[in-house]
Amino acid sequence: MANHSEQYLEFWRERHLCTLTTLRPDGSPHVVPVGVTYDAEAGLARVITNGTSAKVGHVRAAGAEGARVAVCQVDGRRWATLEGRARVRTEPDRVAEAVRRYAERYQRTPGPNPARVVIEIAVERALGNG
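Numbering (my numbering), first residue to last: 19 to 148.
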């Protein structure tokens, strides 16, 4: 992953609502609001969600190689998009790490959800003016 400016990374630490774009089976985009965390060192963006959500279904339908997705946030003239391959992870330690990072960024810990999963995005491209 490319070197990011400190301003770009700080933008991903600030509290912002984001969008996740997945593709439906017919190829049309499905865009939904989500909370996203970005671990630039690991090259991973994470979205916690319910395992029965449409976005999870779209990612799973892509198979083992993962689904092409994008997450985006905007604040006035500042914007940032992360693109990559998403996979659904259910391992308790991975879900817990995603919840921990979410709580840190959004200053609230989500309530318990036994159906919670994490969509992990292996970031291939980072764009923006953060």
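The beta-carbon is built from N, C-alpha and C at its ideal position, and this holds for glycine as well.
Quick caveat, the model's predicted, so the values are computed rather than measured.
Within its own chain, the residues whose Cβ lies closer than 7 Å to the Cβ of Arg-42, once the five positions on either side in sequence are excluded, are His-48, His-76, listed in chain order.
In the three-state reduction of the DSSP assignment, Gly-69 falls in the coil class, being assigned neither a helical nor a strand state.
Collapsing the DSSP output to three states places Asp-111 in a helix. Arg-103 and Gly-129 have their alpha carbons spaced roughly 27 Å apart. The Cβ atoms of Arg-107 and Glu-138 lie closer than 8 Å to each other. If you look at Leu-41, you'll find it in the beta strand (DSSP E) that goes 36–41.
The criterion of a C-beta distance shorter than 8 Å is not satisfied by Leu-100 and Ala-60. Ranked by Cα distance from Val-89, the first of Arg-123, Leu-62, Val-117, Gly-81 is Leu-62. With fewer than 16 other CB atoms across the displayed protein chains lying within 10 angstroms of its CB, Ala-72 is exposed.
Pro-51 sits away from Thr-70, with the two beta carbons spaced by 8 Å or more. For Glu-32, there is no enclosing alpha helix (DSSP H), as DSSP gives it neither H nor E.
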